[in-house]
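Undergrad:
Numbering (the numbering used here), first residue to last: 1 to 155.
(1) Which residues mark the beginning and the end of the alpha helix (DSSP H) in which residue 42 is found?
(2) Between the alpha carbons of residue 66 and residue 92, how many angstroms are there, rounded?
(3) Decide if residue 133 is buried, meaning its Cβ has at least 16 other Cβ atoms within 10 Å, or exposed.
(4) As a quick exercise: from 101, 111 and 110, pick the residue whose alpha carbon is nearest that of residue 118.
(5) Please state whether DSSP places residue 83 in a helix, a strand or coil.
(6) Can you tell me whether residue 15 is buried or exposed? The criterion is at least 16 other CB atoms within 10 Å of its CB, across all chains shown.
(7) Let me check one thing: in DSSP terms, what residues is residue 98 bridge-paired to?
(8) Is residue 73 helix, strand or coil by DSSP?
(9) Measure the Cβ-Cβ separation of residue 122 and residue 75 and say whether it is below 8 Å.
(10) For residue 20 and residue 81, what's the separation of their Cα atoms in angstroms?
(11) Between which two residues does the alpha helix (DSSP H) carrying residue 124 extend?
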């Protein structure tokens with residue numbers, strides 16, 4: 001009788017260890033590779049923003065979001081939840097990484113999200129940089145003064 005109890009306890013411990021290692025592996029693999037999940041989570045955080053395009057980092061831990069009015073957003077996997085951030089114009093600094101396939105980004109409004117973000121290709125990195133640079137200039141700064149006449153407008 002004693003050996004059966006020990007065998008059952010041993011089986012329970014082995015089963016528990018198996019379940020825990022599977023859960024740990026799943027957490028490691030989870031990310032934002034699923035764009036449907038990213039759309040749902042960003043839409044939940046910012047319901048009045050229409051998403052135009054998404055670009056995930058190579059490791060799937062972050063997604064950059066291009067919005068309908070050329071604003072930009074950012075999502076990061078924080079293991080138990082997703083942090084969504086709407087990037088305000090003029091509140092981000094972007095520099096190309098050493099690899100050429102990534103960006104070093106400083107979020108002035110959310111410094112805890114600062115970091116190096118590597119993409120699958122230099123083309124993806126450049127596209128996200130253009131989104132952020134398009135968002136970099138505040139709307140009032142985009143308008144030229146009315147007394148400024150460019151060479152194209154001269155007759």
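Even glycine gets a Cβ: it sits at the ideal position worked out from N, Cα and C.
Here the structure is a predicted model, which means the values were calculated and not measured.
TA: On the basis of the supplied data:
(1) What you label residue 42 is simply residue 42 of the chain shown in a count that begins at 1. 35–45 is the extent of the alpha helix (DSSP H) around residue 42.
(2) Counting from 1 along the chain shown, the entry for residue 66 is found at position 66. Counting from 1 along the chain shown, the entry for residue 92 is found at position 92. Approximately 15 Å, taken between the alpha carbons.
(3) Translated into positions along the chain shown, residue 133 becomes position 133. Per the 10 Å Cβ criterion, exposed.
(4) For the purposes of this step, residue 118 is taken as the residue at position 118 of the chain shown. For the residues 101, 111 and 110, the minimum Cα distance to residue 118 belongs to 101.
(5) For this step, residue 83 is matched to residue 83 along the chain shown. Reduced to three states, the DSSP call for residue 83 is strand.
(6) In the chain shown, residue 15 corresponds to position 15, counting from 1. Exposed, because fewer than 16 other Cβ atoms sit within 10 Å of the Cβ of residue 15.
(7) Within the chain shown, the letter at position 98 stands for residue 98. For residue 98, which the question treats as bridged, DSSP gives no partner whatsoever.
(8) Position 73 of the chain shown, counted from the start, is the residue given in the question as residue 73. Reduced to three states, the DSSP call for residue 73 is strand.
(9) For this step, residue 122 is matched to residue 122 along the chain shown. For this step, residue 75 is matched to residue 75 along the chain shown. Not in contact: residue 122 and residue 75 (Cβ atoms no closer than 8 Å).
(10) Position 20 of the chain shown, counted from the first residue, corresponds to residue 20. Position 81 of the chain shown, counted from the first residue, corresponds to residue 81. Near 20 Å, if we compare the C-alpha coordinates of residue 81 and residue 20.
(11) As a working note, residue 124 is residue 124 in the chain shown. First-last of the alpha helix (DSSP H) with residue 124: 122–134.
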